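Undergrad: One structure, as structure tokens, below. Some questions next.
Protein chains in written order, with this note's numbering: chain G, 152 to 349; chain W, 152 to 349.
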């Protein structure tokens, strides 16, 4: 079986140097990057981003990014899951690191595949344990904003728009299917803006 | 910030060779494996396993593993997600590769974190498009079994027990919270056996 070629995507910090070459290893069925010097096979798999829509009463925690990409734009606390964690622990750690926030996970809100950049984003619904939040090293500022005050056009990524729209839709519901990649208008949220009907 | 040490886990095929050394890269806050020869930083993050509980009428698709680990034991079609896929596409590809099965995704059934081995397992509920299934290269056999005939003690992994128990619990439900790591008796399914009450 031959494999589809990995789609074009931006070069990322963890992409290996140029002396890694594309080759199908024995017993495998798709091209991998192999170090031409030591034969180390560098398997590249999708990475998990874990985060949460965190609330204090009716207000939602947003963080203004202090780092690229999308420095200066607003996002939900979220980041790459590390080894040794559960997805819930990763979301809690990111809230702590980016917004000095302690959160309690409520339930899984959404899971989005962003195939172009090799990410799966796992977003929880969570409660802030206190309103005591502050910018961590990767944030310029943090804010607790009412839904009506969300700066839609200043959001950092399409998935942030999706998660906020899905969070709004899930309000007051306990049992609901975990949201996934939207279709229709909500799928076309770039540049970011307020989705119709919200 | 210093990071917790990654927990002990079995050596895996994608672990780098011995000339990679543990070091905290500039701008990072935890130890990574860095190639002592070329400074390539080998980020290790959790990997995603995607799979499905696939049904034909009331029967469930199981595959007998032809490869280690747990060769000869029964599993649900599932495997490592690749770059360029969505989680749904990964689950569909694994059903095709392991059981020559064409499936339609119904909805997200469960997401399990297996922190010890750096995995997040994403399991869908799916329908077989036909009962025409067959062993793929990684399977010794495939079977469509009624719930009463599941070979519980011959299942390959605890997460297979969990997914089958959660699938059973979800039957007839459209809206339900995605299942996650169980607590109580179901969390202690090693060696594998039929969970109490099923």
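We put the CB at the ideal spot given by N, CA and C, even for glycine. All figures in this text were calculated on a predicted structure; none of them were measured in a lab.
Which residue wins for smallest C-alpha separation from residue 237(G), given the options 274(G), 218(G) and 268(G)?
TA: That would be 274(G), whose Cα lies nearest to the Cα of residue 237(G).
Undergrad: Can you tell which of 315(W), 233(W), 224(W) and 329(W) has the C-alpha that lies nearest to the C-alpha of residue 346(W)?
TA: Measuring from the Cα of residue 346(W), the nearest candidate turns out to be 315(W).
Undergrad: By a C-beta neighbour count over all protein chains shown, 10 Å radius and 16 as the cutoff for buried, is residue 321(G) buried or exposed?
TA: When all chains shown are included, residue 321(G) counts as buried.
Undergrad: Please confirm if residue 165(G) has its CB atom under 9 Å from at least one CB of chain W.
TA: It does: the Cβ of residue 165(G) has a partner Cβ on chain W nearer than 9 Å.
Undergrad: At a CB distance below 7 Å, what residues from the region 257 to 272 of chain W approach chain G? Give them in sequence order.
TA: Those residues of the region 257 to 272 of chain W that come within reach of chain G (Cβ to Cβ, closer than 7 Å) are 258, 259, 262, 264, 266, 269 and 271.
Undergrad: When Cβ atoms are compared, which residues of the region 193 to 213 of chain W fall closer than 8 Å to chain G?
TA: Cβ contacts with chain G: 193, 194, 195, 196, 197, 198 and 199.
Undergrad: Pick out whichever of 246(G), 167(G), 180(G) and 270(G) has its Cα sitting closest to the Cα of residue 293(G).
TA: With distances taken between Cα atoms, residue 293(G) lies closest to 246(G).
Undergrad: In chain order, what residues of the same chain have a beta carbon less than 7 Å from the beta carbon of residue 335(W), not counting five sequence neighbours either side?
TA: Excluding residues within five positions, none has a Cβ falling inside 7 Å.
Undergrad: Evaluate residue 180(W) with the Cβ neighbour count: other Cβ atoms within 10 Å of its Cβ, from every protein chain shown; 16 or more gives buried, anything less gives exposed.
TA: Burial call: exposed.
Undergrad: Measuring straight from C-alpha to C-alpha, what distance separates residue 265(G) and residue 272(G)?
TA: Rounded to the nearest angstrom, the two C-alpha atoms are 8 Å apart.
Undergrad: Using DSSP bridges, identify the partner residues of residue 173(W).
TA: DSSP output for residue 173(W) lists 184(W) as bridge partner(s).
Undergrad: Among the residues of its own chain, which have a CB less than 7 Å from the CB of residue 167(W), if the five just before and after it don't count?
TA: Here the set comprises 184 and 193.
Undergrad: Contact between the region 213 to 222 of chain W and the region 284 to 303 of chain W: three or more CB pairs below 8 Å?
TA: Yes, the region 213 to 222 of chain W is in contact with the region 284 to 303 of chain W.
Undergrad: Measure how close the beta-carbons of residue 287(G) and residue 249(G) come, nearest whole angstrom, since I'm counting them as under 8 Å.
TA: At roughly 5 Å, the Cβ-Cβ gap stays under 8 Å, so residue 287(G) and residue 249(G) are in contact.
Undergrad: Can you say whether residue 242(W) is buried or exposed, counting buried as having 16 or more other CB atoms within 10 angstroms of its CB?
TA: Buried, since its Cβ has 16 or more Cβ neighbours within 10 Å.
Undergrad: Skipping 5 residues on each side, what residues in its chain have a beta carbon closer than 7 Å to that of residue 182(G)?
TA: Only 154, 173, 174 and 175 meet the Cβ criterion.
Undergrad: Taking Cβ-Cβ distances below 9 Å as the criterion, which residues of the region 211 to 241 of chain G are in contact with chain W?
TA: The residues in question are 231, 232, 233, 234, 235, 236, 237, 238, 239, 240 and 241.
Undergrad: Does the beta-carbon distance from residue 332(W) to residue 231(W) come in below 9 Å?
TA: Cβ atoms of residue 332(W) and residue 231(W): not closer than 9 Å.
Undergrad: Can you name the residues of chain W whose CB is closer than 9 Å to the CB of residue 253(G)?
TA: By Cβ distance, chain W contributes nothing, its closest Cβ being about 16 Å from residue 253(G), past 9 Å.
Undergrad: First and last residue of the alpha helix (DSSP H) that includes residue 306(G)?
TA: It is not in any alpha helix (DSSP H) - residue 306(G) carries neither H nor E in the DSSP assignment.
Undergrad: Run through chain W and tell me which residues come within less than 8 Å of residue 170(G), C-beta to C-beta.
TA: Residues of chain W passing the Cβ test: 189.
Undergrad: Fully enclosed by the region 255 to 300 of chain G, which alpha helix (DSSP H) runs are 4 residues long or longer?
TA: Runs found: none.
Undergrad: Quick one: does residue 174(W) have its CB under 9 Å from some CB of chain G?
TA: It does not: the Cβ of residue 174(W) has no partner Cβ on chain G nearer than 9 Å.
Undergrad: In whole angstroms, what is the alpha-carbon distance linking residue 196(W) and residue 268(W)?
TA: C-alpha separation (whole angstroms): 11 Å.
Undergrad: Give the residues of chain G in contact with residue 327(W), contact being defined as C-beta atoms less than 7 Å apart.
TA: Those are 326, listed as they occur along chain G.
Undergrad: Helix or strand or just coil, what does DSSP make of residue 322(W)?
TA: In this structure, residue 322(W) counts as coil in the three-state DSSP scheme.
Undergrad: Report the option in 326(G), 339(G), 219(G) and 251(G) whose CA atom is closest to the CA atom of residue 205(G).
TA: Ranking the options by Cα distance to residue 205(G), first place goes to 251(G).
Undergrad: For residue 181(G), return the contacting residues in chain W, with the cut-off set at a CB-CB distance below 9 Å.
TA: Simply 233.
Undergrad: With residue 121(W) and residue 277(W) assumed to form a contact (beta carbons below 8 Å), what rounded beta-carbon distance in angstroms separates them?
TA: What is shown of chain W runs 152 to 349, which leaves residue 121(W) out entirely.
Undergrad: Can you check whether the C-beta of residue 155(G) is within less than 9 Å of a C-beta belonging to chain W?
TA: Residue placement at residue 155(G) is flagged as unreliable, the pLDDT there being 40, under the threshold of 50; a coordinate-derived value is accordingly withheld.
Undergrad: Which residues in the same chain have their Cβ closer than 7 Å to the Cβ of residue 344(G), if we skip the five residues on either side of it in sequence?
TA: Only 303 and 304 meet the Cβ criterion.
Undergrad: Please decide whether residue 290(W) counts as near chain G, where near means a Cβ-Cβ distance under 9 Å.
TA: It does not: the Cβ of residue 290(W) has no partner Cβ on chain G nearer than 9 Å.
Undergrad: Locate the alpha helix (DSSP H) running through residue 206(W), then write down its first and last residues.
TA: Residue 206(W) -> not in any alpha helix (DSSP H); beta strand (DSSP E) instead, spanning 198 to 207.
Undergrad: Step through the CB atoms of chain W and report whether any lies within less than 9 Å of the CB of residue 331(G).
TA: Answer yes: the Cβ-Cβ gap between residue 331(G) and chain W drops below 9 Å somewhere.
Undergrad: Where do the N-terminal and C-terminal ends of the alpha helix (DSSP H) with residue 241(W) fall, by residue?
TA: 238 to 250 is the extent of the alpha helix (DSSP H) around residue 241(W).
Undergrad: Out of curiosity, what's the CA-to-CA distance linking residue 259(W) and residue 207(W)?
TA: Spanning the two alpha carbons is a distance of roughly 18 Å.
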